[in-house]
Structure formats: structure tokens, C-alpha cells
Amino acid sequence: MADVMELNYTVSNEDFTRAGEASSDVKKKLKQLGVSPDAIRKVAIALYEGEINMIIHAYGGKIKVTISEDAITLILADKGPGIADVEKAMQAGYSTAPDKVRSLGFGAGMGLPNMKKNSDEMDIKTELGVGTTVTMVIRF
Amino acid sequence: MTVNDIIDLLECEAIAGKDHLDNEVKTACGSDMMSDVLAFAKTQCVLLTGLCNPQVIRTAEMMDIVAIIFVRGKKPDATMIEMADELGLPILTTYHRMFSSCGLLYENGLRGGIIDG
């Protein structure tokens, strides 16, 4: 079947104002493909949260989006500092974001829990000093 | 309620997305913290905020927000207006404070959506 589509993005951490460009593009493409609004909303939220995280914590990274017949897989890979305590990071309200980020409206400690809430499967692979890869699957 | 009704109630100026002021509004969300908007906003929702940066527009885009209302006289810059126009997303500005803006909308029948824990 030829229904599998792959999209790749590089997230730069140089300009916070540009955060969300990849999520915006993915959202537009899913709309064009006629994916259900509910699934689009979940992908948009999960990916945007992930993109913001990459910029806040990990100096940017790479995003790979795979669209198949029945699911969308989002893989966000960075070469950032890694997550010291994944269990804590998954708790709503726990944040290590600097004050500067909070003044921009982020860093409430809701990112990872919200990514999990909006995906059917989520997996975090992280190593201190090496980087983090978050994989999320959203089914139709 | 429509976006146009909100313009009347809060004495707003519409500065972007002017072709979409007839859009229907079902709920409202008031927050300066975009993290919380991403976690709690409902569908067909207007966003009231005093935070004024491009990520407010991005957040609204991801959440399918019907209109953004900048309270306390906050004015978005040209980049933000351009982003919103491209998205067909109305931006309103009002000199009312956050509490008064929310109160006026609530008084006129708008609600915040159900609490789902």
C-alpha cells in the first residue's frame, strides 16, 4: 500500500518565536489528508508540546512523523541533557524549566503529562548527557 | 454567542481575522499560561490572555481556538497579526482587565466548559 507518508523536521532552538512551525505544518498536512478532527487535535497538541520541550530543554532536535492507514507515529529525538527522573517529569506540575520560559507562558509542568494524555502510546528513552527520544502513537 | 457579540460586550477592537467574526463561541478559557491552555481548553473556545507573544497564536492554532482576546490593552505585533490573518484567526483587544473580561462574558451566558479532572 502506498498510504504511508513520512515527514521530517529539524527543530532549531535559536528562536523561540518560531517554535511550533513543525506542528503547524503537520496539522495542515493532516487536514489536507482528511484525517479526523479529533486525531488532528491530539497530534497537534502532543507534537507542539514536544516541540516546545525540545527548544526549552534540549537545544532543538529532529522530528519524524509517519502517517499510515490507521495511525500517526511521532518520533522526537534530541541530543539534549536527558531527563534525570522520568517518573517525576511525568507528574503534572513538576517542572525544571527556567523562569525565562515561564514568562513566555510555558513551563507549568504539564507538557509530558499532556503528551501522554493525547497519545494512545508513549515511550521515553533517555540517557543523561546523550539525549532523549520520545515516541508517540495516535490511532484513528 | 459569536465573536461579534464579544466585541460589543468587551468594547474590543478587532485587529486580525476580520473575515471570521461570525464564528460561534461555545466556551471560554482565561489564562496567561499557554501550558495550561494546551492542557485544559475545550473546543469552540475563545482564549482570554494578557500574555502577548507569537506562541499565543501558535497555541491557539493547535487548540482550534475560535478567537484570541488580549486583555489589559495588550497589543500584538505585526508578526503575530500576520500569523493570525493567515490562519483566519480573529484577534481582539480590550482595555478591560482579565477578571472583568471573564466576568462580563460569564454574565452574558458564556461558560468555561466541564471540569474533567
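In order, the protein sequence lines correspond to chains A and B. Mapping the first sequence onto the numbering used here, position 107 (from 1) lands on 425, and the numbers just tick up by one. Mapping the second sequence onto the numbering used here, position 79 (from 1) lands on 480, and the numbers just tick up by one. C-beta atoms are modelled at their ideal positions from N, C-alpha and C, and glycine is treated no differently.
- The Cβ atoms of I385 (chain A) and M454 (chain A) lie no closer than 8 Å to each other.
- Considering only A:P399, A:K382, A:Y377, the residue with the shortest C-alpha distance to L446 (chain A) is A:P399.
- The C-alpha of M434 (chain B) is placed about 18 Å away from the C-alpha of G514 (chain B).
- Short of 6 Å from the beta carbon of G425 (chain A), and not among the five residues preceding or following it, lie these beta carbons of its own chain, in chain order: S413, A415, V419.
- For the 8 Å CB-CB criterion, V472 (chain B) and T450 (chain B) form a contact.
- Annotated three-state conformation of I370 (chain A) is helix, per DSSP.
- By the criterion of a C-beta distance shorter than 8 Å, I370 (chain A) is surrounded in its chain by A337, G338, F424, G429, once the five residues flanking it on both sides are discounted.
- Residue-level contact by beta carbon fails for Q445 (chain B) and chain A, as no gap is shorter than 8 Å.
- Nearest to L365 (chain A) by C-alpha distance, out of A:D343, A:Q350, A:D417, A:K349, is A:D343.
- Sequence-ordered contacts of the segment 471-489 of chain B with chain A read T480 [C-beta pairs closer than 8 Å].
- Rounded to the nearest whole angstrom, the CA to CA distance from V438 (chain B) to A410 (chain A) is 14 Å.
- For T451 (chain A), the nearest beta carbon of chain B is not closer than 8 Å to its own beta carbon.
- Rounded to the nearest whole angstrom, the C-alpha separation of G489 (chain B) and M464 (chain B) is 14 Å.
- Think of a sphere of 9 Å around the beta carbon of V457 (chain B): the chain A residues whose beta carbon falls inside it are G423, in chain order.
- Look at the segment 367-443 of chain A and you find these whole runs of beta strand (DSSP E), each 3 residues long or longer: 379-385, 389-396.
- In the three-state reduction of the DSSP assignment, Y327 (chain A) falls in the strand class, which pools E and B.
- Among the CB atoms of chain A, none fall inside 8 Å of the CB of L511 (chain B).
- In the three-state scheme derived from DSSP, where H, G and I count as helix and E and B as strand, C430 (chain B) is classed as strand.
- Taking all protein chains in view, the Cβ of R459 (chain B) is crowded by 16 or more other Cβ atoms within 10 Å, so the residue is classified as buried.
- For the segment 427-442 of chain B, residues whose beta-carbon sits nearer than 9 Å to a beta-carbon of chain A comprise S432, D433, M434, M435, S436, D437, V438, L439, A440, F441.
- Of the candidates A:A402, A:E405, A:E387, A:E387 places its Cα closest to the Cα of G352 (chain A).
- Counted as a single uninterrupted DSSP element, the beta strand (DSSP E) harbouring F471 (chain B) occupies residues 468-471.
- At least one CB of chain B lies nearer than 8 Å to the CB of S342 (chain A).
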